[in-house]
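First to last, the protein sequences are chains A and B.
Residues 3 to 542 in this note's numbering are what the first sequence lists, from first letter to last.
Residues 3 to 542 in this note's numbering are what the second sequence lists, from first letter to last.
Only one structure is covered here, and it is reproduced in the block below.
2 protein chains.
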Amino acid sequence: MKEKVYLYDTTLRDGTQGEGVSLSVEDKVKIAVKLDQFGIDFIEGGWPGSNPKDMAFFERMREIPLKHAVVTAFGSTCRPNVAAEEDDNLRALLESGVKAAAIFGKSWDLHVTDALKTTLDENLRMVADSVAFLKSRGLTVLFLAEHFFDGYKHNPVYALRVLEAAEEAGADWIVLCDTNGGSLPHEIFDTVRTVKASVQTPLGIHPHNDGELAVANALAAVQAGAQQVQGTINGIGERCGNVNLVSVIPNLQLKLGYDCVAPEQLKQLTKLSRFVAEIANMAMPNNQPFVGNSAFAHKGGIHVSAVLKDPKTYEHIDPELIGNKRRVLVSELAGQSNLLAKAEELEIDVALDRQEAREIVKRIKEREFQGYQYEGAEASLTLMLLEAAGKLRQLFTLDSFKILMEKTADQSISSEAMVKLHVNGQVVHTAAEGNGPVNALDNALRKALETHFPCLAEMYLTDYKVRVLDESGATAAKVRVLIESARDGEKWSTVGVSTNVIEASWEALADSIRYLLWKEGCEEAERPEQTEARVGIVNH
Amino acid sequence: MKEKVYLYDTTLRDGTQGEGVSLSVEDKVKIAVKLDQFGIDFIEGGWPGSNPKDMAFFERMREIPLKHAVVTAFGSTCRPNVAAEEDDNLRALLESGVKAAAIFGKSWDLHVTDALKTTLDENLRMVADSVAFLKSRGLTVLFLAEHFFDGYKHNPVYALRVLEAAEEAGADWIVLCDTNGGSLPHEIFDTVRTVKASVQTPLGIHPHNDGELAVANALAAVQAGAQQVQGTINGIGERCGNVNLVSVIPNLQLKLGYDCVAPEQLKQLTKLSRFVAEIANMAMPNNQPFVGNSAFAHKGGIHVSAVLKDPKTYEHIDPELIGNKRRVLVSELAGQSNLLAKAEELEIDVALDRQEAREIVKRIKEREFQGYQYEGAEASLTLMLLEAAGKLRQLFTLDSFKILMEKTADQSISSEAMVKLHVNGQVVHTAAEGNGPVNALDNALRKALETHFPCLAEMYLTDYKVRVLDESGATAAKVRVLIESARDGEKWSTVGVSTNVIEASWEALADSIRYLLWKEGCEEAERPEQTEARVGIVNH
Chain A
3 MKEKVYLYDT TLRDGTQGEG VSLSVEDKVK IAVKLDQFGI DFIEGGWPGS
53 NPKDMAFFER MREIPLKHAV VTAFGSTCRP NVAAEEDDNL RALLESGVKA
103 AAIFGKSWDL HVTDALKTTL DENLRMVADS VAFLKSRGLT VLFLAEHFFD
153 GYKHNPVYAL RVLEAAEEAG ADWIVLCDTN GGSLPHEIFD TVRTVKASVQ
203 TPLGIHPHND GELAVANALA AVQAGAQQVQ GTINGIGERC GNVNLVSVIP
253 NLQLKLGYDC VAPEQLKQLT KLSRFVAEIA NMAMPNNQPF VGNSAFAHKG
303 GIHVSAVLKD PKTYEHIDPE LIGNKRRVLV SELAGQSNLL AKAEELEIDV
353 ALDRQEAREI VKRIKEREFQ GYQYEGAEAS LTLMLLEAAG KLRQLFTLDS
403 FKILMEKTAD QSISSEAMVK LHVNGQVVHT AAEGNGPVNA LDNALRKALE
453 THFPCLAEMY LTDYKVRVLD ESGATAAKVR VLIESARDGE KWSTVGVSTN
503 VIEASWEALA DSIRYLLWKE GCEEAERPEQ TEARVGIVNH
Chain B
3 MKEKVYLYDT TLRDGTQGEG VSLSVEDKVK IAVKLDQFGI DFIEGGWPGS
53 NPKDMAFFER MREIPLKHAV VTAFGSTCRP NVAAEEDDNL RALLESGVKA
103 AAIFGKSWDL HVTDALKTTL DENLRMVADS VAFLKSRGLT VLFLAEHFFD
153 GYKHNPVYAL RVLEAAEEAG ADWIVLCDTN GGSLPHEIFD TVRTVKASVQ
203 TPLGIHPHND GELAVANALA AVQAGAQQVQ GTINGIGERC GNVNLVSVIP
253 NLQLKLGYDC VAPEQLKQLT KLSRFVAEIA NMAMPNNQPF VGNSAFAHKG
303 GIHVSAVLKD PKTYEHIDPE LIGNKRRVLV SELAGQSNLL AKAEELEIDV
353 ALDRQEAREI VKRIKEREFQ GYQYEGAEAS LTLMLLEAAG KLRQLFTLDS
403 FKILMEKTAD QSISSEAMVK LHVNGQVVHT AAEGNGPVNA LDNALRKALE
453 THFPCLAEMY LTDYKVRVLD ESGATAAKVR VLIESARDGE KWSTVGVSTN
503 VIEASWEALA DSIRYLLWKE GCEEAERPEQ TEARVGIVNH
């Protein structure tokens, strides 16, 4: 029986403290659902007392059933000289409707006297009262001892008394925070082992990465007896980030033999990492340990031949265990079987022979090399598979488009687009305005097609993301555009790549429309009398 | 007396194995000179036997006197069944003219029999002969035991015999390599300690970062008795990279009390890191430990007030010790004193009264509400402060611009921009093409201004980021554009926000130019005769 280590994700709260990280409520909901599927135990969603966006997240989550994870709200202990039940911050935690709350309190005497400006005894009262109050309302309570390791160095007796206060008040977990992120693994190990000897409550660790040691610090804490690790996906977070759960999990599970998630869930690790990077619009470093594109890429000739003979000669783990892959020439057979599995997953019926499958795998690889990414754009992948299998009718083709953007001397701005399409043998030539060049193009395209395909009227774009691929090229660099569309609650994503942001957007827009037309059949489009009847309506 | 840990840099050899890393001979020379100034002990320049570029580097370095560092060449032991003095690879090492050589040999039995296809005894002969041969020619010899930690796990007796063979042959250093990068800190510690007990030769450690544990592994090895760390600047290298010396050095020196470089040299650490990133044309992550832009950036309101009272409350080291600086993030600017602290940090001399400061804070908050973000765009913030203080001359103003983007029936794409500006009382009206609308606008803007402000010719854009702010609006949503520009190694960032990606880009582009003009003075721009003289030159 393997020992369990609990995973506590704070991407949605501490992660958003990272410079340049900003997540909408819907982004947070999407990430929470994926974290749950992956097997995370606690999902910290925000600080309900601090802002309305975080409160809105907890409201949304009440409607969404999770399989496994406990949605957790973050807050602090009550203020000095305020009773816990009178404290707005603690009340906001209750109002958020969560079943678990994580509250931080001071454990470094310097912070109590100098930052909080209260007495050491009053701080103990605040910790105890706050924990007891939340426990009395039926919550699972995690007490986060802020700056614990620095505090323990300066005044071990007081730091331990703070933990004892939380324990006596009934805390379910005591989490030791390396808030400044500067502790070393041997310090973490020794301190956790000492704490373990005097505290019965299960311990957690909350490391930051200021010394580039956060992953090692998490492992050291677990080896010394901690049973929970708090971190973020891809290590996002304030300053140098929180500990990167994406690296902690495979180290714990594959190397140290702890139980974190099921093996099938672990295979989703690479996808989870890339999904969060995509939603947060953060460039993933290729050399990211475990899940990076280069993590199992073999360059040197000696390495390649050895790794093909025996992967363990140059690979520390089997990349498949975490859903990543080796990037030596992938065997074509493996490519083909993967492809058919993917087609099945996408619920498309393609009968491909060996040669066709080889061709598609080759095409996908070429396009990925150009910068396309199909993990976040499965509708575009579906279209490519259908096309290769000869199952996609060309319902429209582009003849040309023009976009004119103007900022005049009076500083007013306008954007217009003209499109010329071939639809069912007819030429459709129309124009529209928009509040930007891509929006104008989008509007013109729909205007041209809605007449023929009424189902497009109910489709709308829900997300539009631009990522610069080769940053050294700056405004001349390649960009990848990801578009998410929705109709009737169903959503799909498409991708376009070009050095020209408009061209990349056009590709993704066209794919999103083609996907819907394939999915819905859109048969009414072929009756010319209906087409004519509708022309008048939409020609506004 | 502090114990010395020797620094061995392999940025120029193992670093260039990283995906996308490519350094010219001159790049390598520049980096070597900086590494020497910084206090690196060994600079591994390349593998003379493997390619002519590496040989050319060693030739160049013979002309360049270094103050401290020993230029070192990399190679392997002789081939099976070939005498060391007959081996081309070892001869190339001698021909390179270096005083020190690092040769790798197998220490994992599996690699000897399966990859090298020879006997365990022959491998010992190869190690001993190769070391003895190079020693007999007067070189300092470092023996690199490839895959030592994996080998030691599988066959500790043989792994140790390999080290003994190198020691008996006279190796000056024995370096233990975690070639696959998957070892854990406690394994490294235990193994190095065991080796230390049976080998008298000084030990080094060569970790890779596949488990996100390389820095911890380097520290563990030193704590167990290793006296040399081999790594790269910024951790570049194959797969997930080599260990990052930029993080190893301050951990060893500031936290563990070892002696690596002089304190004045340590203050150059941030510059060194950024210099190498610049030469290697790699984007530095803002959250890079110790030297990143965000490494000492404080966002949360509680943190800011505490850190201003006492930096050690939220900083693990004093950033000045490594040449980095504290940044108070603007979003938390709450009042006049913070604003003035910021102005001082930005090195701008503004004398604001209480009322003016209030106005600026209000303006910043309004613009942040609109979607501007000044955390990543301090040049735009600087301009705003200067403007408010009446210290910014308007050197140019926009009259109008037009952009035409066209995709024709033959599917070719073009982007053109026209701009009309007022510069020094003149109207400049010009046009340019680009490989996208923003690039065309950028080109037209520079073309219009370079005549008047020649310093713009040396400025270039290094990064361009687009973030959609309100995703529900999709292509009609607001976007934020962040642009990073550089000149002479100095970088600055600017921001623009609009529902129109082109307009937002224009704002950021214009700010980046205005910032440089302010910073540089650009006085020659005001002499009309010079302006006229240059018109002919640039009007291409």
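Even for Gly, the Cβ is constructed at its ideal location relative to N, Cα and C.
Compute the distance between the beta-carbons of Val2(B) and Val468(A), then report whether it is under 8 Å.
For residue 2(B) there is no data in the structure shown, the boundaries of chain B being 3 and 542.
Spatial neighbours of Gly51(B) within its chain, please: C-beta separation below 6 Å, excluding the five flanking residues on both sides.
If you number the second sequence from 1, residue 51(B) lands on position 49. Answer for Gly51(B): Gly77, Asn91, Ala94, listed in chain order.
With DSSP collapsed to three states, give me the class of Lys101(B).
Here the question's residue 101(B) lines up with position 99 in the second sequence. Reduced to three states, the DSSP call for Lys101(B) is coil.
Quick one: grab the DSSP three-state call for Arg482(B).
Stepping through the second sequence from its first residue, residue 482(B) is reached at position 480. DSSP places Arg482(B) in strand when its eight states are reduced to three.
Within chain B, the residues that His318(A) reaches when beta carbons sit closer than 7 Å
Taking the first residue of the first sequence as position 1, residue 318(A) is located at position 316. By Cβ distance, chain B contributes Asn182, Gly183, Gly184, Asp212, Gly213.
What are the boundary residues of the beta strand (DSSP E) that Asp131(A) is part of?
Start at 1 with the first residue of the first sequence, and residue 131(A) comes out as number 129. Here Asp131(A) belongs to no beta strand (DSSP E); instead the alpha helix (DSSP H) covers 122-138.
Cα-Cα separation between Thr12(B) and Val27(B), rounded to whole angstroms
Position 10 of the second sequence, counted from the start, is the residue given in the question as residue 12(B). Position 25 of the second sequence, counted from the start, is the residue given in the question as residue 27(B). About 15 Å.
Short CB-CB distance (under 8 Å) between Ala218(B) and chain A:
Walking along the second sequence from the start, residue 218(B) turns up at place 216. Chain A, which has a Cβ nearer than 8 Å to the Cβ of Ala218(B), makes this yes.
Let me see if you follow: with CB-CB separation under 8 Å, is Arg365(A) close to chain B or not?
For the purposes of this step, residue 365(A) is identified with residue 363 of the first sequence, where counting begins at 1. Not one chain B Cβ lies under 8 Å of Arg365(A).
Residue of Glu5(A), Val159(A), Gln202(A) minimising C-alpha distance to Ala171(A)
For the purposes of this step, residue 171(A) is taken as the residue at position 169 of the first sequence. Nearest of Glu5(A), Val159(A), Gln202(A) to Ala171(A), Cα basis: Gln202(A).
Give the range of the beta strand (DSSP E) segment to which Trp494(B) is assigned.
Start at 1 with the first residue of the second sequence, and residue 494(B) comes out as number 492. Per DSSP, Trp494(B) belongs to the beta strand (DSSP E) from 492-500.
Run through DSSP, which three-state label would Trp110(B) get?
By 1-based counting over the second sequence, the position of residue 110(B) is 108. Trp110(B) falls in the coil class under three-state DSSP.
Mind checking which residues open and close the alpha helix (DSSP H) that includes Val278(B)?
Counting from one through the second sequence, the residue named residue 278(B) turns up at place 276. Run containing Val278(B): 271-281, per the alpha helix (DSSP H) assignment.
Can you name, in chain order, every residue of its own chain whose Cβ lies under 8 Å from the Cβ of Glu214(A), other than the five neighbours on each side?
Here residue 214(A) refers to the residue found at position 212 when the first sequence is read from its first residue. Cβ within range, chain order: Cys242.
Sequence-distant residues of its chain with Cβ nearer than 7 Å to Ala226(A) (five each side left out):
The sequence position of residue 226(A) within the first sequence is 224, counting from 1. Phe191, Val194, Arg195, Lys198.
Proximity below 8 Å, CB of Thr79(A) to CB of Ser132(A)
Here residue 79(A) refers to the residue found at position 77 of the first sequence. Here residue 132(A) refers to the residue found at position 130 of the first sequence. Yes.
Sorted by chain position, which residues of the same chain lie with C-beta nearer than 8 Å to Ala168(B)'s C-beta, five sequence neighbours on each side aside?
Your numbering for residue 168(B) matches position 166 in the second sequence. Once the five neighbours on either side are set aside, the close Cβ partners of Ala168(B) are Gly107, Val129, Ala130, Val133, Phe145, Ala147, Ile176, Thr203.
If contacts are defined as beta-carbon pairs under 8 Å, then Val245(B) and Gly233(B) qualify, I think. What distance do you get, rounded to the angstrom?
Translated into positions along the second sequence, residue 245(B) becomes position 243. Translated into positions along the second sequence, residue 233(B) becomes position 231. About 4 Å separates the two Cβ atoms, so the contact holds.
Can you check whether the C-beta of His188(A) is within less than 8 Å of a C-beta belonging to chain B?
Position 186 of the first sequence holds residue 188(A). For His188(A), the answer is yes, since a Cβ of chain B falls inside 8 Å of its Cβ.
With 16 other CB atoms within 10 Å as the buried threshold, where does Pro209(B) fall?
Reading the second sequence from its first residue, position 207 is the one you call residue 209(B). Classification of Pro209(B): buried, given that the 10 Å Cβ count is 16 or more.
Would Lys32(A) and Ile281(A) qualify as a contact pair, given that the criterion is a beta-carbon distance under 8 Å?
Taking the first sequence and counting its residues from 1, one reaches residue 32(A) at position 30. Taking the first sequence and counting its residues from 1, one reaches residue 281(A) at position 279. In this structure, Ile281(A) lies closer than 8 Å to Lys32(A) by Cβ.
Relative to chain A, which residues along the segment 244-276 of chain B have a C-beta separation below 7 Å, given in chain order?
Asn246, Ser249, Asn253, Lys257
Between the Cα of Gly47(A) and the Cα atoms of Pro67(A), Gly17(A), Gly41(A), which residue gives the shortest distance?
Counted from its first residue, the first sequence places residue 47(A) at position 45. Closest by alpha carbon: Gly17(A).
Can you check whether the C-beta of Tyr8(A) is within less than 8 Å of a C-beta belonging to chain B?
In the first sequence, the residue the question calls residue 8(A) occupies position 6. So, not an interface residue.
Extent of the continuous alpha helix (DSSP H) to which Tyr154(B) belongs:
As a first step, residue 154(B) is located in the second sequence; it is residue number 152 there, counting from the start. Residues 150-156.
Would you give the residue range spanned by the alpha helix (DSSP H) that Pro313(A) belongs to?
On the first sequence, residue 313(A) is found 311 positions in, with the first residue counted as 1. No alpha helix (DSSP H) holds Pro313(A); DSSP gives it neither H nor E.
Neighbourhood of Leu37(A) by C-beta, 7 Å cutoff - its chain only, sequence neighbours within 5 removed
For the purposes of this step, residue 37(A) is identified with residue 35 of the first sequence, where counting begins at 1. Within the same chain, Leu37(A) has close Cβ partners Asp11, Ile45, Ala71.
Since His113(B) meets chain A, which of its residues come closer than 7 Å, beta carbon to beta carbon?
By 1-based counting over the second sequence, the position of residue 113(B) is 111. Here the neighbours are Thr315.
Sheet register partners of Ser417(A) (DSSP bridge)
The residue you call residue 417(A) lines up with position 415 of the first sequence. According to DSSP, which records beta bridges pairwise, Ser417(A) is partnered with Met407(A), Gly436(A).
When DSSP labels each residue in this structure, what does Arg15(B) get in the three-state scheme?
Numbered from its first residue, the second sequence carries residue 15(B) at position 13. Three-state result, Arg15(B): coil.
Contacts around Leu256(A), its chain only, beta-carbon distance under 7 Å, and the 5 residues preceding and following it disregarded
Numbered from its first residue, the first sequence carries residue 256(A) at position 254. Hits under 7 Å: Ile319, Leu323.
Exposed or buried, Tyr374(A), counting other C-beta atoms within 10 Å across all chains shown (16 or more means buried)?
In the first sequence, counting from the first residue as 1, residue 374(A) sits at position 372. It is buried - the Cβ of Tyr374(A) has at least 16 other Cβ atoms within 10 Å.
Cα-Cα separation, Glu358(B) to Trp494(A)
Residue mapping note: residue 358(B) aligns to position 356 of the second sequence, counting from 1. Residue mapping note: residue 494(A) aligns to position 492 of the first sequence, counting from 1. Glu358(B) and Trp494(A): Cα-Cα distance of roughly 50 Å.
Closer than 7 Å, Cβ to any Cβ of chain B: which residues of the segment 395-415 of chain A, in chain order?
Asp401, Ser402, Phe403, Lys404, Ile405, Leu406, Met407, Glu408, Lys409, Thr410, Ala411, Ile415
Residues of chain B with CB closer than 7 Å to the CB of Thr501(A), please, in chain order.
Taking the first sequence and counting its residues from 1, the one referred to as residue 501(A) is at position 499. Simply Asn437, Gly438.
Between the Cα of Ile235(A) and those of Asn502(A), Ser500(A), Ile362(A), Val23(A), spot the shortest distance and give me the residue it belongs to.
Indexing the first sequence from 1 puts residue 235(A) at position 233. Of the listed residues, the one whose Cα sits closest to Ile235(A) is Val23(A).
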